[in-house]
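Everything below concerns the one structure shown next.
Residue numbers (my numbering): 1 to 141.
Following this line, the structure appears as structure tokens:
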């Protein structure tokens, strides 16, 4: 697990450096911590509906209303049925509904902009109950 986490962090750093090298664009970083609810009802029934979520995003603007978002997340759920861990490495194309960039700081009220995102990911999945099994899968979101 430690090797996987180290590989994930190294891959994320390489992607961030590559995005930074393409020009004068700035990467905007954000962290997230919270609860994840799987959309698959079979998974929710088998494991549970509230998973722990920890992640980091790096957003690289390519236009005033579009950007690439690189994400690494850690999802974990423990219960009577066992333990499930998922680590997705995601790349998302994000298109917002505004034509200009809002200022990052200086506004009293935060402004929220709807967006449309499409992307792909590489997912590490590990399930443990009486036995342990892990795999890598690709997917789209």
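Glycine included, C-beta positions come from ideal geometry on N, C-alpha and C.
Keep in mind the model is a prediction, meaning the values are calculated, not measured.
Asked, Found
"Can you name the start and end residues of the beta strand (DSSP E) that residue 80 belongs to?", "First-last for residue 80: undefined, no H or E at that position."
"Residue 34 lies in the beta strand (DSSP E); which residues open and close that run?", "28 to 36"
"With three or more C-beta pairs closer than 8 Å as the rule, is the segment 74 to 87 touching the segment 118 to 130?", "yes"
"Tell me whether residue 57 sits in a helix, a strand or coil according to DSSP, three-state version.", "strand"
"Here's a check: name, in chain order, each residue in its chain whose Cβ is nearer than 6 Å to the Cβ of residue 30, leaving out the five neighbours to either side.", "57"
"Using 8 Å for Cβ pairs, my map puts residue 71 next to residue 90. What's the rounded Cβ distance?", "4 Å"
"Is residue 60 buried or exposed, if buried means 16 or more other CB atoms sit within 10 Å of its CB?", "buried"
"By the three-class DSSP mapping on this structure, what secondary structure does residue 39 have?", "coil"
"With DSSP run on the structure shown, which of helix, strand or coil describes residue 65?", "coil"
"Quick check on the DSSP output: the beta strand (DSSP E) that includes residue 142 runs from which residue to which?", "The structure shown does not extend to residue 142, since the chain spans only 1 to 141, so no value can be given for it."
"Which same chain residues, not among the five before or five after residue 51, have their C-beta less than 6 Å away from its C-beta?", "36, 75 and 77"
"Check for me: the beta strand (DSSP E) holding residue 119 runs from which residue to which?", "115 to 128"
"Can you name, in chain order, every residue of its own chain whose Cβ lies under 6 Å from the Cβ of residue 94, other than the five neighbours on each side?", "67, 69, 115 and 117"
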